[in-house]
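Below you'll find the structure, written out as structure tokens, and then a few comments.
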Amino acid sequence: MIRLALALIFMAGSLAAQEAEPPMDYERLGKIIFALDPDAQPTGPGFELTISDVPVLVITDVNADRMRAMVAISSAADLSPEDLQRMMQANFDSTLDARYAIANGTLWAAFIHPLSRLDRDQLISGLAQTVNIANTYGTLYSGGVAEFGGGDSNDLQRALIEELLKKGEEI
């Protein structure tokens, strides 16, 4: 009985090792990116690609073991305190793995992750969330997947639904 249990544990461990993805590196990242956008272009330590008509820049830093996917949204010069507060609320609960960020006078949607520990599905999800928060800036501020909760976004989004329902009562 013990031998059977040990054999099953060994086999399960071997199968898990066979299914484990290799560590992410620049070459593997490029293969995934080109699968998502065959017209992607390598640029320096990263890539430029388009997802749902949105230009995305992916930068790697092998020495720091980091990867950053970014979408430029707008100039940060005209952001109001209300805009900044809403983005911080969304960063807490509705953007999930992507974030709003400001750098060099630009408002960005960004997904940042350790490069070597990034797996294919995390990369694809992170890219999609980054595009989603760029596209929903000024409206839902959402990464497009379930909200973490405990923050303000759900109530604010519900307020929009209530407002639209009220407007719809007149029709």
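All the letters of the sequence shown, read from the start, carry residue numbers -19 to -1, 1 to 152 under mature numbering (1 follows the signal peptide of the UniProt record, and there is no 0). All C-beta atoms, glycine included, are put in the ideal place defined by N, C-alpha and C.
Let me know if residue i comes out buried or exposed under the rule of 16 or more other beta-carbons within 10 Å of its beta-carbon.
{"i": "Q22", "result": "exposed"}
{"i": "S123", "result": "buried"}
{"i": "A90", "result": "buried"}
{"i": "R67", "result": "buried"}
{"i": "S56", "result": "exposed"}
Would you identify the three-state DSSP class for residue i, choosing helix, strand or coil?
{"i": "I(-11)", "result": "Note on I(-11): pLDDT 49, under 50, position unreliable in the model; the coordinate value appears next. I(-11) falls in the helix class under three-state DSSP."}
{"i": "D59", "result": "coil"}
{"i": "A(-4)", "result": "The predicted position of A(-4) is uncertain, since its pLDDT is 48 and thus under 50; a value taken from the coordinates is nonetheless stated next. Of the three classes helix, strand and coil, the one that applies to A(-4) here is helix, per DSSP."}
{"i": "residue 158", "result": "Nothing can be reported for residue 158, as the shown portion of the chain is limited to -19 through 152."}
{"i": "G27", "result": "strand"}
{"i": "residue 174", "result": "Since the displayed the chain opens at -19 and closes at 152, residue 174 lies outside it and no answer follows."}
{"i": "E144", "result": "Only weak support is given to the placement of E144: the predicted model assigns it a pLDDT of 49, under 50, and the value that follows is read from those uncertain coordinates. Residue state, collapsed to three classes: helix."}
{"i": "L88", "result": "strand"}
{"i": "M5", "result": "coil"}
{"i": "L38", "result": "strand"}
{"i": "A71", "result": "helix"}
{"i": "A21", "result": "coil"}
Using the Cα positions of residue i and residue j, report the straight-line distance between them to the nearest angstrom.
{"i": "A53", "j": "P3", "result": "31 Å"}
{"i": "A71", "j": "S33", "result": "22 Å"}
{"i": "G125", "j": "R9", "result": "26 Å"}
{"i": "A1", "j": "M48", "result": "20 Å"}
{"i": "V43", "j": "G27", "result": "11 Å"}
{"i": "A45", "j": "V37", "result": "21 Å"}
{"i": "G11", "j": "M69", "result": "31 Å"}
{"i": "S61", "j": "T120", "result": "15 Å"}
{"i": "R101", "j": "Y7", "result": "13 Å"}
{"i": "T24", "j": "R98", "result": "22 Å"}
{"i": "G86", "j": "A58", "result": "7 Å"}
Going by C-alpha distance, which of the options is nearest residue i?
{"i": "D78", "options": "A1, I114 and F28", "result": "I114"}
{"i": "L17", "options": "G86, T120, T117 and A109", "result": "A109"}
{"i": "S106", "options": "L96, R98, T117 and F92", "result": "F92"}
{"i": "Y81", "options": "S97, D64 and P95", "result": "D64"}
{"i": "A50", "options": "T111, N116, G119 and D59", "result": "T111"}
{"i": "L96", "options": "L30, S75 and I40", "result": "I40"}
{"i": "T117", "options": "Y7, L30, Q103 and V35", "result": "V35"}
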